[in-house]
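Undergrad: Heads up, the sequence shown is in our numbering, so the first residue is 3 and it goes up one at a time.
This is the structure, below, for whatever I ask next.
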Amino acid sequence: MLNKFWNDEAGIIVSAEIVLVATILVLGMIVGLVELQASIVSELGDLSSAFGNIDQSYSTSGFASLKAGGGVKARTFGAAYADSVDVCDGDSNMGIIFR
């Protein structure tokens, strides 16, 4: 029985077929991983561009509260900050060239 099983070649996979299938699978995985890396780099570039385009300028006005007799009860002064454009702001520095 063992000899019959050993000599049976129905459904056997030849080692050349295994090498061919493994090669195709490895090449497919490499291509898939390269595309995954490219899409992650692209999304991170979009994210950094979005962070670079955030305008951090703000302005708050002050107010004063007067007493019934005409004096100042409380006062706050306004504040403002103007965010100027830096070298790394915008999309001009995001040029990534794939070769």
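Think of the CB as a built atom: it goes at the ideal place given N, C-alpha and C, for glycine as much as any other residue.
Since this is a predicted model, take the numbers as computed values, not measurements.
Nearest by alpha-carbon distance to residue 56: which of 77, 88, 38 is it?
TA: Minimum Cα distance to residue 56 is reached at 88.
Undergrad: Given a cut-off of 8 Å, decide if residue 81 and residue 59 are closer than it, judged by their beta-carbon atoms.
TA: Going by C-beta atoms, residue 59 is not nearer than 8 Å to residue 81.
Undergrad: Output needed for residue 69: all residues of its chain with C-beta closer than 6 Å, excluding positions within five of it in sequence on either side, in chain order.
TA: Excluding positions up to five away in sequence, the list reads 75.
Undergrad: Would you give the residue range spanned by the alpha helix (DSSP H) that residue 53 belongs to?
TA: Start and end: 17-54.
Undergrad: Alpha carbon to alpha carbon, what distance is there between residue 91 and residue 54?
TA: Going by the C-alpha atoms only, they are around 5 Å apart.
Undergrad: Distance check for residue 62 and residue 79, CA to CA, integer angstroms please.
TA: Distance between the alpha carbons of residue 79 and residue 62 is about 9 Å.
Undergrad: Is there at least one non-hydrogen atom of the ligand HEM closer than 7 Å to the beta-carbon of residue 64?
TA: Absence of the ligand HEM from the depicted structure is noted, as is the absence of any ligand whatsoever, leaving it without description.
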